[in-house]
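To start, the structure itself, in structure tokens.
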Amino acid sequence: MDDHTRKKKRLDWITLIVSGGLLVLFVIASILNEKLVGQWISESFFFAAKYFGAYWQVLLLVMFVIGLILAFSNYGRVRLGKMEKPENSNFRWIAMILCTLLASGGVFWAAAGPMFHFLTTPPLFTGIEEGTMVASFPAMAQSYLHWGGFTAWASLGTLATIVLMYAHYHKGYPLKPRTFLYPMFGKRIFKNSFIGSSADIVSIIATAAGTIGPIGFLGLQVGYGLEAVWGIPNTFITQSLIIIFLAVIASISAATGIERGIQWLSRVNVSLVVVLMFAMLILGPTLFIIDLFIGSEAFYLQNFLTMSLYRVDQAWLGSWTIFFWGGWFIGYGPMMAIFISRISRGRTIRELIIAVSIIAPIVSNFWFTVVGGSGIFYEMENPGSVSTALNESGMPATVMAIMNQIPFGIVLAIGFIIVSIIFVATTADSMSYTVAVTLSGTDEPSRLIRVFWALMFGVVAVSLLAIGEETVDMLQNFIVVTAAPVSLLLLPSLWDAPRIAKKMAKEQNIIGKK
Numbered sequence: 241m242d243d244h245t246r247k248k249k250r251l252d253w254i255t256l257i258v259s260g261g262l263l264v265l266f267v268i269a270s271i272l273n274e275k276l277v278g279q280w281i282s283e284s285f286f287f288a289a290k291y292f293g294a295y296w297q298v299l300l301l302v303m304f305v306i307g308l309i310l311a312f313s314n315y316g317r318v319r320l321g322k323m324e325k326p327e328n329s330n331f332r333w334i335a336m337i338l339c340t341l342l343a344s345g346g347v348f349w350a351a352a353g354p355m356f357h358f359l360t361t362p363p364l365f366t367g368i369e370e371g372t373m374v375a376s377f378p379a380m381a382q383s384y385l386h387w388g389g390f391t392a393w394a395s396l397g398t399l400a401t402i403v404l405m406y407a408h409y410h411k412g413y414p415l416k417p418r419t420f421l422y423p424m425f426g427k428r429i430f431k432n433s434f435i436g437s438s439a440d441i442v443s444i445i446a447t448a449a450g451t452i453g454p455i456g457f458l459g460l461q462v463g464y465g466l467e468a469v470w471g472i473p474n475t476f477i478t479q480s481l482i483i484i485f486l487a488v489i490a491s492i493s494a495a496t497g498i499e500r501g502i503q504w505l506s507r508v509n510v511s512l513v514v515v516l517m518f519a520m521l522i523l524g525p526t527l528f529i530i531d532l533f534i535g536s537e538a539f540y541l542q543n544f545l546t547m548s549l550y551r552v553d554q555a556w557l558g559s560w561t562i563f564f565w566g567g568w569f570i571g572y573g574p575m576m577a578i579f580i581s582r583i584s585r586g587r588t589i590r591e592l593i594i595a596v597s598i599i600a601p602i603v604s605n606f607w608f609t610v611v612g613g614s615g616i617f618y619e620m621e622n623p624g625s626v627s628t629a630l631n632e633s634g635m636p637a638t639v640m641a642i643m644n645q646i647p648f649g650i651v652l653a654i655g656f657i658i659v660s661i662i663f664v665a666t667t668a669d670s671m672s673y674t675v676a677v678t679l680s681g682t683d684e685p686s687r688l689i690r691v692f693w694a695l696m697f698g699v700v701a702v703s704l705l706a707i708g709e710e711t712v713d714m715l716q717n718f719i720v721v722t723a724a725p726v727s728l729l730l731l732p733s734l735w736d737a738p739r740i741a742k743k744m745a746k747e748q749n750i751i752g753k754k
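Heads up, the sequence shown is in my numbering, so the first residue is 241 and it goes up one at a time.
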């Protein structure tokens with residue numbers, strides 16, 4: 241092994257110790273004074289939402305627009321990663337992208353989100369009477385914006401990925417969040433830089449918070465499902481066993497790598513989701529779901545700019561749009577860019593932008609319509625049949641309430657429990673892989689470090705549940721706080737990505753061709 245390779249594979253112990261230490265410190269502080277930690281996170285959350293919310297909304301919109309311009313220009317033909325052909329098929333590629341981000345939100349928020357907005361019309365559409373057929377369209381459109389919005393998904397692996405893939409695969413620099421700043425700071429960012437180390441650490445913390453939170457929620461949600469289906473008591477022991485089981489699956493998947501475990505688990509998950517989706521579509525209110533999807537997508541497109549830049553009700557924004565965009569998208573941005581960079585070698589800029597910013601959102605939107613739209617239909621047919629479960633027992637109960645009204649609902653409920661576990665496992669294995677990549681700087685990180693982080697996610701999630709369910713909420717809110725500095729890492733890609741695309745287009749003799 242030559243010196244250059246050895247240097248690339250060297251573990252960044254400072255980043256590992258600081259990021260891991262901060263997670264442990266969070267658990268210890270929560271044990272000592274949960275109330276004080278909760279107060280600090282709440283105040284930090286509201287500060288981030290108030291002073292960064294507008295910036296995030298504009299940032300995501302501009303990233304989406306620039307991405308579209310690049311995709312449909314000659315620059316869209318630029319091939320990334322120094323490969324002539326993609327490593328993964330289109331299905332495997334998009335499956336890994338979808339599964340990594342959606343996690344348990346892809347199941348439980350798909351049921352609860354549309355119902356929340358159906359029962360209480362979003363402030364932008366207060367003139368529409370809640371709980372009516374007309375209210376179903378803004379309800380679904382609002383859920384699209386938060387989970388399947390073109391702007392939200394554009395933050396994950398478009399412009400930043402172009403910068404990262406060029407710097408790593410074409411220039412040989414480490415596959416780390418700090419590399420986003422390479423065009424601005426040059427090689428200094430890799431030489432024991434405080435800014436560079438801070439970029440890596442805050443990205444790891446944001447990803448860890450955003451991964452551990454869903455793992456903890458999964459224990460609560462699947463525990464409820466097991467009790468509803470098989471009568472298994474929903475206790476801390478049950479929830480812990482669920483999380484341990486998930487952590488073991490994620491560890492095995494992460495250890496076997498992208499080519500085997502991660503892509504296989506993602507492919508299985510998407511296949512199961514497709515089966516569930518079409519089963520619900522056929523057994524449930526088929527025509528209603530199709531009409532609702534078409535109408536809601538049209539409503540979303542018609543109000544796209546207004547919804548994306550809405551700024552009137554600050555409290556509502558903090559609880560909904562800013563929470564989801566900061567916590568589920570921007571916070572994951574750098575690590576998702578690393579992951580997508582690793583699985584996208586040989587893809588063109590056009591393929592990258594269209595897959596992440598357009599195809600993934602539309603698929604996500606249809607899934608939300610099948611699950612959430614079914615809930616809206618049954619709620620309109622029999623008021624209280626879904627909303628009562630949501631208000632009294634939360635999101636897991638919402639899924640079960642919907643399943644109870646569909647033929648073969650028990651079978652579908654079991655399917656949802658399985659899909660929920662695999663959804664979170666695919667997020668945990670992918671994120672443990674990217675954290676390991678960040679610590680080593682290479683796209684083939686140590687297997688031991690991958691497994692360590694997958695297990696650590698599970699251990700911290702169990703620890704937080706042992707302290708109290710509220711600590712899981714606190715950690716999920718914390719990712720919105722970390723999204724503030726993380727969003728600054730994504731900002732330079734607005735001008736760096738077009739510049740790099742132009743440079744690569746010249747290198748690949750694309751500019752000037754028809």
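Each residue gets a CB set at the ideal place from its N, CA and C atoms; glycine is no exception. Note that the structure is a prediction, hence the values are computed from the model and not measured.
With contact defined as three or more Cβ pairs closer than 8 Å, the region 613-621 and the region 434-441 are not in contact. Of the residues Ile309, Tyr384 and Ala288, the one whose Cα lies closest to the Cα of Trp735 is Ile309. Per DSSP, reduced to three states, the secondary structure at Arg250 is coil, with no helix or strand assignment. Residue pairing for Arg582: DSSP places it in no beta bridge.
Boundaries of the alpha helix (DSSP H) around Met635: Met635 to Met643. In this structure, DSSP gives Thr588 an extended state, which the three-state scheme calls strand.
If you draw a straight line from the Cα of Asn330 to the Cα of Ile598, it comes to about 14 Å.
Taking a cut-off of 8 Å for Cβ pairs, the region 373-381 and the region 533-544 touch, as three or more such pairs fall below it. When C-alpha distances from Leu505 are compared across Thr340, Gly634 and Asp553, the shortest belongs to Thr340.
Around the Cβ of Thr666, a 10 Å sphere holds 16 or more other Cβ atoms; the residue is buried. Three or more beta-carbon pairs separated by less than 8 Å link the region 588-595 to the region 306-322, which places the two stretches in contact. Contact check for Ser480 against Ala288 fails: the beta carbons are separated by 9 Å or more.
Taking the C-beta atoms as reference points, Tyr413 is found no nearer than 9 Å to Ala637. Arg551 carries a coil assignment under DSSP once its states are collapsed to helix, strand and coil. In this structure, Thr722 lies near Ile445, with their beta-carbon atoms less than 9 Å apart. CA-CA distance, Phe563 to Ile477, rounds to 30 Å. Under DSSP, Arg332 takes part in no beta bridge, so it has no partner. Of all alpha-carbon atoms in Glu747, Met635 and Tyr618, the one lying nearest the alpha-carbon of Gly459 is that of Met635.
If you compare the alpha carbons of Phe285, Met405 and Leu276 with that of Ala555, the shortest gap goes to Phe285.
Counting along the chain, His386 sits inside the alpha helix (DSSP H) bounded by residues Met373 to Trp387. Under the three-pair Cβ rule at 8 Å, the region 570-580 counts as touching the region 447-455.
Annotation: the continuous alpha helix (DSSP H) that includes Thr478 extends over Phe476 to Thr496. Here Asn432 is exposed, its C-beta having fewer than 16 other C-beta atoms within 10 Å.
DSSP lists Thr588 as the bridge partner or partners of Arg319. Within a 10 Å sphere around the beta-carbon of Glu619 sit 16 or more other beta-carbons, which makes this residue buried. Closest in alpha carbon position to Phe390, among Phe434, Val515 and Asn605, is Asn605.
A distance below 7 Å between beta-carbons, with the five flanking residues on each side excluded, links Gln297 to the following residues of its chain, in chain order: Ser548 and Leu549. Asp531 and Ser625 have their C-alpha atoms roughly 22 Å apart. In this structure Trp568 is buried. Its beta-carbon is surrounded by 16 or more other beta-carbon atoms within 10 angstroms.
Boundaries for Ile599: no alpha helix (DSSP H) harbours it, and the DSSP string shows neither H nor E there. Straight-line spacing of the CA atoms in Pro417 and Gln645 works out to 46 Å. Residue state for Trp607 is assigned as helix, using DSSP reduced to three classes.
In the three-state DSSP reduction, Glu709 falls in the helix class (H, G or I). Distance from the CA atom of Glu369 to the CA atom of Ile522, rounded to whole angstroms, is 29 Å.
Annotated as proximal: Val515 and Gly655, with beta-carbon spacing under 9 Å.
DSSP places Ala394 inside the alpha helix (DSSP H), whose first and last residues are Phe390 to Gly397.
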